[in-house]
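Q: Residue numbers (the numbering used here), protein chains in the order written: chain A, 616 to 815; chain B, 616 to 815; chain C, 616 to 815; chain D, 616 to 815. Beta carbons: idealized from backbone N, C-alpha and C, even for Gly.
Number of protein chains: 4
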Amino acid sequence: MSRVSRWGRRRSAGDRAADPDSRTRILDAAEELFAETGYEATPTARIAGSAGVPKGLVFHYFPRKIDVLVALVDERALVVELPESESDALPGDPAGTLVRLARRFPLRASPAMRRILFREVDTHRSVRDVLGRLNSEVVRRALGALKLAAPGAAGDMARLEVAAATFAAVLMYQENLHQLTGQRVDLDAVAHFIALALGS
Amino acid sequence: MSRVSRWGRRRSAGDRAADPDSRTRILDAAEELFAETGYEATPTARIAGSAGVPKGLVFHYFPRKIDVLVALVDERALVVELPESESDALPGDPAGTLVRLARRFPLRASPAMRRILFREVDTHRSVRDVLGRLNSEVVRRALGALKLAAPGAAGDMARLEVAAATFAAVLMYQENLHQLTGQRVDLDAVAHFIALALGS
Amino acid sequence: MSRVSRWGRRRSAGDRAADPDSRTRILDAAEELFAETGYEATPTARIAGSAGVPKGLVFHYFPRKIDVLVALVDERALVVELPESESDALPGDPAGTLVRLARRFPLRASPAMRRILFREVDTHRSVRDVLGRLNSEVVRRALGALKLAAPGAAGDMARLEVAAATFAAVLMYQENLHQLTGQRVDLDAVAHFIALALGS
Amino acid sequence: MSRVSRWGRRRSAGDRAADPDSRTRILDAAEELFAETGYEATPTARIAGSAGVPKGLVFHYFPRKIDVLVALVDERALVVELPESESDALPGDPAGTLVRLARRFPLRASPAMRRILFREVDTHRSVRDVLGRLNSEVVRRALGALKLAAPGAAGDMARLEVAAATFAAVLMYQENLHQLTGQRVDLDAVAHFIALALGS
DNA sequence: CATGAATGAGTATTCATTCAT
DNA sequence: TATGAATGAATACTCATTCAT
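So this is what it looks like as structure tokens:
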């Protein structure tokens with residue numbers, strides 16, 4: 616049950632812990648392959664091969680291929696439990712507040728997961744649900760943080776909501792944008808831009 | 616169900632016949648199916664069946680399955696040739712300018728095409744190219760329009776660029792957002808919000 | 616649709632007709648293999664191999680494996696259309712009447728079919744239905760023939776029914792009995808035995 | 616659902632414990648499943664699951680899957696040791712004699728066993744042997760009993776043999792017939808019918 | 001005895017693609 | 001152009017069986 620890995624440090628050198636168990640290795644491999652090639656175009660045999668386990672073992676843990684995707688999304692997309700603390704919020708600094716929020720954003724977890732979530736929204740209800748929940752959460756937190764950080768605009772709820780939704784959209788899709796245009800949107804600049812609108 | 620879409624013209628010049636030709640019917644069917652189920656998960660046989668043509672005919676027009684996708688994207692994603700006219704731009708009304716731009720936006724073409732473009736970015740270089748070109752185009756036009764519409768901010772190029780990129784992001788992904796959260800982002804509100812930031 | 620073969624003369628020498636078509640060859644092979652090894656234990660690949668057609672073609676004609684069995688049973692178990700003529704019935708000779716009936720009995724069709732019918736009764740509703748219909752038919756005809764052939768017992772309907780059911784049971788299961796005990800029940804003797812009971 | 620059947624004794628001698636031991640539970644489950652679904656179509660894992668034992672334990676007791684079937688047939692198909700007593704035979708009452716014989720007939724053991732025996736005749740030599748032995752036994756006993764019960768026909772050995780074989784056929788397959796036609800053959804009526812033939 | 005992870009050969013089924021007509 | 005039978009590589013999934021604990 617203990618899901619060992621955390622992206623960016625999946626198997627660091629000095630790890631004296633034993634090999635991650637087979638189930639984890641399967642999910643690791645699937646995460647990478649689904650992100651690269653997509654769910655449909657990734658044969659289970661390749662997942663097994665890439666994970667270094669026999670083909671049959673994949674089905675031991677995940678009776679259907681779709682269960683690999685579902686487990687992946689359920690176990691790895693929302694694992695980072697953000698403390699509810701909105702201590703990020705610094706009154707008078709909405710831009711910095713948004714940037715700090717983005718840094719600790721759950722979607723910051725594995726870039727592979729982000730690609731999977733967006734690419735496979737239609738593949739399974741579970742993916743769509745997780746992505747939806749994620750989006751709502753970001754909007755909710757951005758809104759909460761902005762309420763504290765932008766005292767001047769606190770009265771204009773509608774404006775705060777648009778700000779939160781706009782920031783969320785940029786944040787949620789930035790990875791996709793990066794793929795498309797080849798250039799990453801500068802989140803800091805967007806945050807400042809939004810702060811401007813709130814300040815006026 | 617009627618595949619005679621309002622999304623651009625597919626019919627050959629002199630068409631008064633009721634039935635589009637086979638090739639068109641194949642593309643119509645593929646467009647719908649790829650959007651629904653994805654490229655990989657859509658068998659060519661189903662495209663043929665849905666188009667009401669024999670299986671073999673699909674390969675007569677499109678030697679490889681991928682050619683269906685490529686033709687679809689090449690012929691239907693950018694067909695709406697926006698007049699270069701930035702007559703949309705109304706000096707002093709950046710919000711209205713953005714909204715008008717959005718209304719005539721190429722991506723406003725077939726919703727199915729949008730889903731295909733986003734879902735199949737990684738399936739073929741051609742898709743990625745078209746989507747990239749589309750995105751650049753939107754940013755470019757938004758930027759151009761804003762230059763004219765927001766004379767006050769005209770000097771601050773960096774700010775205009777962030778504004779354009781932000782609006783483009785919201786615009787490009789609004790359909791996706793809609794699916795996820797079940798509620799459409801209010802483009803007008805975002806446009807006004809952006810105008811606020813430009814005005815201050 | 617024309618089902619060429621009739622067992623015992625599936626491919627006689629002087630047959631100038633071309634090879635039976637692929638579909639027929641598949642059914643021929645399946646009939647033999649299902650009878651030998653049973654439905655479950657017969658891989659579709661072996662059917663194809665035995666029929667001399669590529670694996671995929673089996674699924675071209677029969678989308679699911681069970682469809683092969685169903686087609687087999689539906690098309691080959693009841694094909695022999697017995698003329699309704701009860702001319703078999705010879706008044707005063709119930710024994711001869713039963714024997715003649717047995718000789719033209721539909722189940723006399725392919726011995727392989729008989730083994731399939733009995734072995735796979737539980738495999739699919741269609742098999743059970745065909746076998747049930749066959750049994751009812753035999754009882755019905757035996758009863759009809761006996762009514763005419765055994766005028767002495769014509770008044771004792773109950774006795775005629777028992778006679779018909781008994782004969783049908785022996786007839787229907789004789790192939791199985793043969794397998795089990797290694798010795799065939801002598802149908803003639805049973806017919807005479809039954810005639811005895813009717814005569815007394 | 617309660618596997619404590621009336622069909623022979625499975626429990627070890629001193630059993631007062633509520634739970635049969637694992638081996639017995641495995642056989643119980645297999646008996647039910649083989650009868651329902653057939654040997655080939657019943658995975659060992661399902662036997663284990665249905666018996667409430669871990670998968671590995673099945674192979675502890677029965678190294679190969681086929682051993683489960685063999686053990687089942689060997690231990691449960693002939694267990695009811697009929698006393699050799701032909702005290703059933705009542706001179707002058709061949710019908711009653713046959714009916715009494717049928718009531719104590721070994722095949723009266725578990726209906727599930729009967730279906731297994733008939734369905735899996737070809738699966739393993741052991742099954743065929745047991746079924747063959749069973750059939751011979753029935754014929755042998757019916758013959759013996761009829762010799763005593765029908766003194767009038769005692770001289771006509773051939774006729775007695777046909778009578779025995781006919782009755783055995785009806786008896787052995789009545790369960791199958793029941794499934795097929797949905798209506799059970801009336802054994803009493805058949806017995807009387809046979810007695811008639813012997814008496815004339 | 002008990003347990004369940006591990007293994008890999010086998011199986012039904014799918015599907016892009018070819019091609020004779 | 002049309003047509004649909006033919007082909008076989010690929011793929012998800014099954015399952016008997018082994019084995020370390």
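My output table needs one value for phenylalanine 649 of chain D: the three-state DSSP class, helix, strand or coil.
A: To locate residue 649 of chain D, count along the fourth sequence from 1; it is residue 34. Correct three-state label for phenylalanine 649 of chain D: helix.
Q: Can you pull out the residues from the stretch 790-810 of chain B whose beta carbon lies closer than 9 angstroms to at least one beta carbon of chain A?
A: Residues passing the 9 angstroms Cβ filter: Asn791, Leu792, Gln794, Leu795, Thr796, Gly797, Val800, Asp801, Ala804, Val805, His807, Phe808, Ile809 and Ala810.
Q: Is the beta carbon of alanine 778 of chain D closer than 7 angstroms to that of leucine 761 of chain D?
A: Reading the fourth sequence from its first residue, position 146 is the one you call residue 761 of chain D. Reading the fourth sequence from its first residue, position 163 is the one you call residue 778 of chain D. Contact: yes.
Q: To the nearest angstrom, how far is the alpha carbon of glycine 814 of chain A from that of threonine 781 of chain A?
A: Within the first sequence, the letter at position 199 stands for residue 814 of chain A. Within the first sequence, the letter at position 166 stands for residue 781 of chain A. Approximately 16 angstroms, taken between the alpha carbons.
Q: Should methionine 728 of chain D go down as buried or exposed, given a rule of 16 or more other Cβ atoms within 10 Å for buried?
A: Numbered from its first residue, the fourth sequence carries residue 728 of chain D at position 113. Methionine 728 of chain D should be labelled buried.
Q: Is the CB-CB distance between serine 637 of chain B and valine 685 of chain B below 7 angstroms?
A: Translated into the one-based positions of the second sequence, residue 637 of chain B becomes position 22. Translated into the one-based positions of the second sequence, residue 685 of chain B becomes position 70. Their beta carbons are not under 7 angstroms apart, which means serine 637 of chain B does not touch valine 685 of chain B by this criterion.
Q: Just curious, the alpha helix (DSSP H) that phenylalanine 733 of chain D is in, first and last residue?
A: Looking up residue 733 of chain D in the fourth sequence gives position 118. Per DSSP, phenylalanine 733 of chain D belongs to the alpha helix (DSSP H) from 726-734.
Q: Taking DSSP as the reference, what is the three-state secondary structure of tyrosine 572 of chain B?
A: Chain B is shown from 616 up to 815; residue 572 of chain B falls before or after that span and cannot be answered.
Q: Over the uninterrupted alpha helix (DSSP H) stretch that includes phenylalanine 782 of chain D, give me the two end residues.
A: Looking up residue 782 of chain D in the fourth sequence gives position 167. Counting along the chain, the alpha helix (DSSP H) containing phenylalanine 782 of chain D begins and ends at 772-796.
Q: Within its chain, find whatever has a CB closer than 6 angstroms to the CB of histidine 807 of chain A; leave out the 5 residues flanking it on each side and keep chain order.
A: In the first sequence, counting from the first residue as 1, residue 807 of chain A sits at position 192. So the qualifying residues of the chain are Ala710.
Q: Helix, strand or coil: how does DSSP classify valine 668 of chain D here?
A: Here residue 668 of chain D refers to the residue found at position 53 of the fourth sequence. Here valine 668 of chain D sits in coil by DSSP.
Q: By the criterion of Cβ-Cβ separation under 8 angstroms, what are the contact partners of tyrosine 788 of chain C in chain D?
A: The residue labelled residue 788 of chain C in the question sits at position 173 within the third sequence. Residues of chain D passing the Cβ test: Ala784, Met787, Tyr788 and Asn791.
Q: Rounding to the nearest angstrom, what Cα-Cα distance links tyrosine 676 of chain B and alanine 663 of chain B in this structure?
A: The sequence position of residue 676 of chain B within the second sequence is 61, counting from 1. The sequence position of residue 663 of chain B within the second sequence is 48, counting from 1. Distance between the alpha carbons of tyrosine 676 of chain B and alanine 663 of chain B is about 12 angstroms.
Q: For a quick check, are the C-beta atoms of alanine 743 of chain B and valine 736 of chain B less than 7 angstroms apart?
A: Reading the second sequence from its first residue, position 128 is the one you call residue 743 of chain B. Reading the second sequence from its first residue, position 121 is the one you call residue 736 of chain B. The sequence shown places arginine at residue 743 of chain B, rather than the alanine named in the question. Yes, Cβ-Cβ distance for arginine 743 of chain B and valine 736 of chain B is below 7 angstroms.
Q: Output yes or no for whether 7 angstroms exceeds the beta carbon distance between alanine 650 of chain D and arginine 730 of chain D.
A: Reading the fourth sequence from its first residue, position 35 is the one you call residue 650 of chain D. Reading the fourth sequence from its first residue, position 115 is the one you call residue 730 of chain D. Cβ distance < 7 angstroms, so alanine 650 of chain D and arginine 730 of chain D count as in contact.
Q: Shorter than 7 angstroms from the beta carbon of valine 777 of chain B to some beta carbon of chain A?
A: Position 162 of the second sequence holds residue 777 of chain B. Taking Cβ atoms only, chain A reaches closer than 7 angstroms to valine 777 of chain B, which makes this a yes.
Q: Got a sec? Which residues, its chain only, sit under 7 angstroms from serine 751 of chain B by beta carbon, not counting five neighbours each side?
A: Residue 751 of chain B sits at position 136 when you count from the first residue of the second sequence. So the list is empty, once near-sequence residues are dropped.
Q: Give the residues from the stretch 731-745 of chain B that approach chain A closer than 8 angstroms (Cβ to any Cβ), ordered along the chain.
A: The stretch 731-745 of chain B vs chain A, Cβ under 8 angstroms: Phe733, Arg734, Val736, Asp737, Thr738 and Arg743.
Q: What in chain D is Cβ-close to arginine 679 of chain C, meaning under 7 angstroms?
A: For this step, residue 679 of chain C is matched to residue 64 along the third sequence. Neighbours of arginine 679 of chain C on chain D: none; closest Cβ ~15 angstroms, over 7 angstroms.
Q: I'd like to know whether the C-beta of alanine 780 of chain A is nearer than 7 angstroms to at least one C-beta of chain B.
A: As a working note, residue 780 of chain A is residue 165 in the first sequence. Chain B contact via Cβ: present.
Q: Give the single residue among B/Ala717, B/Arg679, B/Lys680 and B/Val673 whose Cα lies nearest to the Cα of alanine 804 of chain B.
A: Start at 1 with the first residue of the second sequence, and residue 804 of chain B comes out as number 189. Nearest of B/Ala717, B/Arg679, B/Lys680 and B/Val673 to alanine 804 of chain B, Cα basis: B/Ala717.
Q: Rounded to the nearest angstrom, what separates glutamine 798 of chain A and serine 665 of chain C at their Cα positions?
A: Here residue 798 of chain A refers to the residue found at position 183 when the first sequence is read from its first residue. Here residue 665 of chain C refers to the residue found at position 50 when the third sequence is read from its first residue. Distance between the alpha carbons of glutamine 798 of chain A and serine 665 of chain C is about 60 angstroms.
Q: According to the neighbour-count rule (16 or more other Cβ atoms, all chains shown, within 10 Å of its Cβ), is methionine 679 of chain C buried or exposed?
A: Indexing the third sequence from 1 puts residue 679 of chain C at position 64. Checking the displayed sequence, the identity of residue 679 of chain C turns out to be arginine instead of methionine. Classification of arginine 679 of chain C: exposed, given that the 10 Å Cβ count is below 16.
Q: Return the residues of the stretch 649-681 of chain C that lie within a Cβ-Cβ distance of less than 7 angstroms from chain D, sorted by chain order.
A: Listed by position, the residues of the stretch 649-681 of chain C near chain D (Cβ gap below 7 angstroms) are Gly653, Glu655 and Ala656.
Q: Alpha carbon to alpha carbon, how far is alanine 645 of chain C from arginine 734 of chain D?
A: The residue given as residue 645 of chain C occupies position 30 in the third sequence. The residue given as residue 734 of chain D occupies position 119 in the fourth sequence. Rounded to the nearest angstrom, the two C-alpha atoms are 19 angstroms apart.
Q: Under a three-way DSSP split, which group does threonine 738 of chain A fall into?
A: Working through the first sequence from its first residue, we reach residue 738 of chain A at position 123. Threonine 738 of chain A falls in the coil class under three-state DSSP.
Q: Looking only at its chain, what residues have a beta carbon closer than 7 angstroms to the beta carbon of leucine 648 of chain D, apart from the 5 residues adjacent to it on each side?
A: Counted from its first residue, the fourth sequence places residue 648 of chain D at position 33. Excluding positions up to five away in sequence, the list reads Thr657, Arg661, Ile662 and Ser665.
Q: Listing by chain order, which chain A residues have their CB less than 8 angstroms from the CB of glycine 747 of chain B?
A: Taking the first residue of the second sequence as 1, we reach residue 747 of chain B at position 132. Correct list: Leu795, Thr796 and Gly797.
Q: Tell me which residues of the stretch 750-763 of chain B have at least one Cβ-Cβ distance to chain A shorter than 9 angstroms, keeping chain order.
A: Cβ contacts with chain A come from Asn750, Ser751 and Val754.
Q: Just the Cα atoms here: how many angstroms apart are aspartate 708 of chain D and aspartate 771 of chain C?
A: Stepping through the fourth sequence from its first residue, residue 708 of chain D is reached at position 93. Stepping through the third sequence from its first residue, residue 771 of chain C is reached at position 156. One C-alpha to the other measures close to 22 angstroms.
Q: Quick check on the DSSP output: the alpha helix (DSSP H) that includes phenylalanine 808 of chain C runs from which residue to which?
A: Working through the third sequence from its first residue, we reach residue 808 of chain C at position 193. Run containing phenylalanine 808 of chain C: 802-814, per the alpha helix (DSSP H) assignment.
Q: Under a CB-based cut-off of 7 angstroms, is alanine 812 of chain B close to chain A?
A: Start at 1 with the first residue of the second sequence, and residue 812 of chain B comes out as number 197. Cβ-Cβ to chain A under 7 angstroms: yes for alanine 812 of chain B.
Q: For the alpha helix (DSSP H) containing glycine 711 of chain A, name the first residue and the last one.
A: Along the first sequence, read from residue 1 onward, the residue named residue 711 of chain A stands at position 96. 709-718 is the extent of the alpha helix (DSSP H) around glycine 711 of chain A.
Q: As a quick exercise: from B/Ala692, B/Gln794, B/Gly767 and B/Leu642, pick the residue whose alpha carbon is nearest that of phenylalanine 674 of chain B.
A: Taking the first residue of the second sequence as 1, we reach residue 674 of chain B at position 59. Taking only the C-alpha atoms, the option nearest phenylalanine 674 of chain B is B/Leu642.
Q: Identify which residue in A/Arg740, A/Pro706, A/His793 and A/Lys670 has its Cα closest to the Cα of valine 688 of chain A.
A: Along the first sequence, one-based indexing puts residue 688 of chain A at 73. The shortest Cα separation from valine 688 of chain A among A/Arg740, A/Pro706, A/His793 and A/Lys670 belongs to A/Arg740.
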